[in-house]
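Since the structure comes first, as structure tokens, the remarks are kept for the end.
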Amino acid sequence: MARNKRCKPSLNHICPICCILPPHMSDQIVLNGDSTQKEWALQSIRASEQFRERRAIVGALNFNVAIAGEKRRTIFDAGTGTDLPGKRVRGEGDPPTGDVMVDEAYDGSGATYDFFYDIFERNSIDSFGMRLDSTVHFDQKYDNAFWNGSQMVYGDGDGELFNRFTISIDIIGHELTHGVTQHEAGLVYKGQPGALNESMSDVFGSLIKQRTLNQTAEEADWLIGAGLLTDKVDGTALRSMKAPGTAYDDKVLGKDPQPADMSKIYTGKADNGGVHINSGIPNRAFYLAASEMGGYAWEKAGKIWYIALTDRLRSQSNFKRAANTTVTIAGELYGRDSDEKKAVQNAWKTVGVI
Amino acid sequence: MRVTFERSGGFAGLIVTTSVDTATLPATETEQLQHLVQSANFFGLPAEIPAAPQPDRFQYEITIEDGNQHHTVRVGEASVPESLRPLLNWCMEKARRG
Numbered sequence: 000m001a002r003n004k005r006c007k008p009s010l011n012h013i014c015p016i017c018c019i020l021p022p023h024m025s026d027q028i029v030l031n032g033d034s035t036q037k038e039w040a041l042q043s044i045r046a047s048e049q050f051r052e053r054r055a056i057v058g059a060l061n062f063n064v065a066i067a068g069e070k071r072r073t074i075f076d077a078g079t080g081t082d083l084p085g086k087r088v089r090g091e092g093d094p095p096t097g098d099v100m101v102d103e104a105y106d107g108s109g110a111t112y113d114f115f116y117d118i119f120e121r122n123s124i125d126s127f128g129m130r131l132d133s134t135v136h137f138d139q140k141y142d143n144a145f146w147n148g149s150q151m152v153y154g155d156g157d158g159e160l161f162n163r164f165t166i167s168i169d170i171i172g173h174e175l176t177h178g179v180t181q182h183e184a185g186l187v188y189k190g191q192p193g194a195l196n197e198s199m200s201d202v203f204g205s206l207i208k209q210r211t212l213n214q215t216a217e218e219a220d221w222l223i224g225a226g227l228l229t230d231k232v233d234g235t236a237l238r239s240m241k242a243p244g245t246a247y248d249d250k251v252l253g254k255d256p257q258p259a260d261m262s263k264i265y266t267g268k269a270d271n272g273g274v275h276i277n278s279g280i281p282n283r284a285f286y287l288a289a290s291e292m293g294g295y296a297w298e299k300a301g302k303i304w305y306i307a308l309t310d311r312l313r314s315q316s317n318f319k320r321a322a323n324t325t326v327t328i329a330g331e332l333y334g335r336d337s338d339e340k341k342a343v344q345n346a347w348k349t350v351g352v353i
Numbered sequence: 000m001r002v003t004f005e006r007s008g009g010f011a012g013l014i015v016t017t018s019v020d021t022a023t024l025p026a027t028e029t030e031q032l033q034h035l036v037q038s039a040n041f042f043g044l045p046a047e048i049p050a051a052p053q054p055d056r057f058q059y060e061i062t063i064e065d066g067n068q069h070h071t072v073r074v075g076e077a078s079v080p081e082s083l084r085p086l087l088n089w090c091m092e093k094a095r096r097g
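Protein chains in written order, with numbering that gives the first Met the number 0: chain A, 0 to 353; chain B, 0 to 97.
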């Protein structure tokens with residue numbers, strides 16, 4: 000991007016196209032600055048997001064502050080290549096394309112946006128109305144989905160073991176929650192903080208699915224990635240929050256390696272120190288707490304976990320810290336001797352963290 | 000030459016492993032593997048190739064023993080050097096076919 004040499008960053012000088020602040024600075028200004036500073040910082044944030052789309056149509060850029068509650072989804076097609084974001088195939092308000100991955104990514108990111116906005120009044124991933132960009136058909140027979148720091152990416156799956164990675168709405172919610180975590184607690188992606196990061200994505204991914212299906216904690220299946228495994232695989236999903244370690248047992252994939260409590264915590268180096276393995280422990284704690292409370296899991300347990308993620312947990316927080324923090328929050332919200340606080344305490348005790 | 004390969008992580012969190020010993024490989028495959036190891040400059044790669052971690056991406060660990068040489072490389076999917084990619088793909092294909 001060409002930079003205008005005459006333009007120097009200054010709080011009195013609004014030039015959003017050429018002066019783009021580091022995101023953490025913009026965020027601080029949006030939170031703490033005066034109205035002029037806020038406007039300027041928001042414009043910088045918008046501009047940097049717009050440029051991510053790599054469309055050099057300056058005239059089409061829109062520097063207006065996104066209106067809270069209005070989603071801005073864009074779906075791109077990588078055409079089985081690996082260049083991101085790929086070709087733009089569907090924008091906000093456009094009709095369905097008929098490509099099932101494009102339309103699932105569009106609907107799933109919409110459900111995720113609505114969940115965070117309706118339940119927690121959160122305006123998108125960064126809470127400032129960030130665009131929701133998704134790329135589908137990434138790479139050839141790619142058995143994965145990921146969050147690259149600014150967008151979601153989904154593979155087609157190999158067709159033998161895995162179906163397309165947009166098939167289950169909790170996967171879409173999982174990826175977008177990685178974005179929320181990145182902007183909030185910033186849990187490092189290694190060891191116990193990494194497993195908490197993964198667990199937060201499973202928790203909110205599952206809650207988004209439960210809300211879409213209007214299910215209570217008792218009615219929900221608490222599975223992550225149901226429908227993702229093909230008929231050839233012996234398994235119902237990739238992870239079970241209710242019973243970690245039981246999601247699949249297959250001759251090719253092997254057995255679900257998730258521990259259900261601290262006695263079987265994985266201590267090896269694979270998977271960044273088992274972030275997708277040990278997430279079973281906090282996942283089950285959330286399931287136990289939500290089930291003991293009853294009703295819709297997002298109303299109480301979800302709220303406690305959301306406050307922990309956005310206000311209390313830090314980048315190096317471990318399981319114990321998460322346990323103590325969620326117990327404290329439950330006490331603050333529902334009372335020191337409340338059933339809700341006891342439910343959270345019991346949950347973390349059952350999985351052996353406290 | 001012995002190759003030990005592991006791919007972990009990804010959204011699914013599966014751990015895929017395979018071991019290959021050229022003593023049990025057909026000559027053409029041994030030749031192919033030696034070529035891939037050479038063009039990756041495998042023994043010249045750092046033991047850890049650092050990367051800003053991206054959630055749900057794959058993590059690779061590959062160990063090669065050849066004569067008196069012994070080296071392990073750990074690398075995240077987002078920072079795999081182009082020269083190493085064909086060797087990782089070859090190992091992954093081996094792992095798939097069992």
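Even glycine gets a Cβ: it sits at the ideal position worked out from N, Cα and C. Every value quoted in this text rests on a predicted model; they were computed, and no experiment measured them.
Excluding five sequence neighbours on each side, which residues of the same chain lie with their C-beta closer than 8 Å to the C-beta of B/Ser78?
-> Ile48, Pro49 and Ala50
Buried or exposed: A/Pro281, going by 16 or more other Cβ atoms within 10 Å of its Cβ?
-> buried
Given a cut-off of 8 Å, decide if A/Thr215 and A/Gly294 are closer than it, judged by their beta-carbon atoms.
-> yes
For A/Ser314 and A/Ala329, the rounded distance between their alpha carbons = 21 Å
Residues in the region 43-75 of chain B having any Cβ partner in chain A nearer than 9 Å | Ala51, Pro52, Gln53, Pro54, Asp55, Arg56, Phe57, Gln58, Glu60, Arg73 and Gly75
Where do the N-terminal and C-terminal ends of the beta strand (DSSP E) with B/Phe57 fall, by residue?
-> Phe57 to Asp65
Chain B contact residues for A/Asn143, given Cβ-Cβ distances below 8 Å = Gly9, Phe10, Ala11, Asp55, Arg56 and Phe57
Return no unless some Cβ of chain B is closer than 8 Å to the Cβ of A/Asn147.
-> yes
Using DSSP with H/G/I as helix, E/B as strand and the rest coil, what is A/Gly90?
-> strand
Cα-Cα separation, A/Tyr153 to B/Glu28 | 33 Å
Whose Cβ in chain B lies nearer than 8 Å to the Cβ of A/His177?
-> Pro54 and Asp55
Identify every residue that forms a DSSP beta bridge with B/Arg6.
-> B/Val15 and B/Tyr59
Using a C-beta to C-beta distance shorter than 8 Å, which residues of chain B count as neighbours of A/Leu222?
-> Those do not exist, as A/Leu222 stays about 13 Å from chain B at its closest Cβ, beyond 8 Å.
A/Trp146 by DSSP, collapsed to three states: which one?
-> strand
What does B/Glu5 touch in chain A if you count any residue whose Cβ is under 9 Å from its own?
-> Ala269
Short Cβ contact (8 Å threshold) for A/Ser205 with A/Asp169 = yes
Name, please, each residue of chain B whose Cβ falls closer than 8 Å to the Cβ of A/Phe164.
-> Phe10
Hey, how far is the Cα of B/Phe10 from the Cα of A/Asp125?
-> 22 Å
Chain-order list of residues whose beta-carbon lies under 8 Å from that of B/Ile14 (same chain, five-residue window excluded) = Glu5, Arg6 and Ser7
Once you ignore the five residues that flank A/Trp221 on each side, which residues in its own chain have a CB closer than 7 Å to its CB?
-> Ser205, Ser239, Met240, Lys241 and Tyr286
Should A/Gln257 and A/Gly272 be called a contact, given that it needs their Cβ atoms to be closer than 8 Å?
-> no
Through-space distance from A/Ser337 to A/Lys140, alpha-carbon basis | 50 Å
Local conformation of A/His136 per DSSP, three classes | coil
Specify whether the region 187-196 of chain A and the region 102-116 of chain A touch according to this definition: at least 3 beta carbon pairs, one from each stretch, less than 8 Å apart.
-> no
So the alpha helix (DSSP H) A/Gln214 belongs to, where does it begin and stop?
-> Run containing A/Gln214: none; DSSP gives neither H nor E here.
Reduced DSSP category for A/Met129 - H, G, I as helix; E, B as strand; rest coil | coil
When you compare only the Cα positions, how much space is there between A/Leu312 and A/Lys189?
-> 15 Å
Please compile the residues from chain B whose C-beta is within a distance smaller than 9 Å of the C-beta of A/Asn196.
-> Pro54
With 16 other CB atoms within 10 Å as the buried threshold, where does A/Ile66 fall?
-> exposed
Which chain B residues are close to A/Ile276, counting only those with a beta carbon under 8 Å from its beta carbon?
-> Gly12
Is it right to say A/Glu217 is buried, meaning 16 or more other beta carbons lie within 10 angstroms of its own, or is it exposed?
-> exposed
In chain D, what lies closer than 9 Å to A/Ile170 by C-beta?
-> No chain D is present in this structure, whose protein chains are A and B.
Contact between the region 74-85 of chain A and the region 130-145 of chain A (3+ Cβ pairs under 8 Å) | yes
Residues bridged to A/Ser239 [DSSP beta-bridge criterion] = A/Leu222
Is the CB-CB distance between B/Arg56 and B/Glu81 below 8 Å?
-> no
Looking at the C-beta of A/Leu287, does it have a partner C-beta in chain B at a distance below 8 Å?
-> no
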